Amino acid sequence: MQVFVLLFNAGTSNEGIHTLKISDRNIVLMFEHEDDAIRYSLMLEAQDFGSPTVEAFESDDIEEFCLGAGYECKHIPTGTLEVPPDANAPSTDWQPDGTAKPEPVNQEGGFSADELERLRQRLEGLL
Numbered sequence: 057m058q059v060f061v062l063l064f065n066a067g068t069s070n071e072g073i074h075t076l077k078i079s080d081r082n083i084v085l086m087f088e089h090e091d092d093a094i095r096y097s098l099m100l101e102a103q104d105f106g107s108p109t110v111e112a113f114e115s116d117d118i119e120e121f122c123l124g125a126g127y128e129c130k131h132i133p134t135g136t137l138e139v140p141p142d143a144n145a146p147s148t149d150w151q152p153d154g155t156a157k158p159e160p161v162n163q164e165g166g167f168s169a170d171e172l173e174r175l176r177q178r179l180e181g182l183l
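Numbering (this note's numbering), first residue to last: 57 to 183.
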């Protein structure tokens with residue numbers, strides 16, 4: 057069955073899928089009808105969340121993606137008025153400008169990949 061999901065930067069290397077974060081769960085909304093997905097997308101834009109694109113996928117593909125990513129999915133039947141939460145997440149796992157989030161420092165006292173790269177460049181400059 058075909059469903060519609062919301063993507064940010066669709067078709068780019070910085071593509072992100074819209075999820076609802078409830079407690080520690082990420083939930084992907086799978087709209088049965090494109091018009092319902094478009095309506096939800098416009099509500100997100102009205103909240104200054106961004107401009108997601110509505111994209112069609114097979115529901116099996118989205119369910120498989122969610123399983124692999126540790127997400128859940130929620131089927132939204134035709135005609136259901138799904139409304140975004142009043143507040144957006146203070147930060148997202150996805151960056152609209154295409155830059156990656158900095159990697160956390162290794163818990164064993166090591167350096168992140170970005171820090172190691174900066175150190176490598178400085179050391180190479182000494183040669």
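All residues carry an ideal CB built from backbone N, CA and C; glycine is no exception. Just so it is clear, the structure is predicted and the values come from calculations on it, not from any experiment.
Check each candidate in the options and name the one with the smallest Cα separation from residue i.
i, options, result
"residue 86", "172, 118, 107, 137", "118"
"residue 64", "169, 109, 142, 170", "109"
"residue 115", "81, 89, 105", "89"
"residue 62", "102, 84, 103, 77", "84"
"residue 124", "111, 82, 171", "82"
"residue 96", "70, 57, 137, 120", "137"
"residue 140", "106, 68, 120", "106"
Can you tell me which residues form a DSSP beta bridge with residue i?
i, result
"residue 188", "The structure shown does not extend to residue 188, since the chain is modelled only from 57 through 183, so no value can be given for it."
"residue 75", "84"
"residue 109", "63"
In the DSSP assignment, the alpha helix (DSSP H) including residue i goes from what residue to what residue?
i, result
"residue 101", "90–102"
Assign residue i to one of three DSSP states: helix, strand, or coil.
i, result
"residue 121", "helix"
"residue 171", "helix"
"residue 137", "coil"
Please classify residue i as buried or exposed, where buried requires at least 16 neighbouring CB atoms within 10 angstroms.
i, result
"residue 75", "buried"
"residue 59", "buried"
"residue 80", "exposed"
"residue 78", "exposed"
"residue 169", "exposed"
Can you give me the start and stop residues for the beta strand (DSSP E) that residue i sits inside?
i, result
"residue 128", "128–132"
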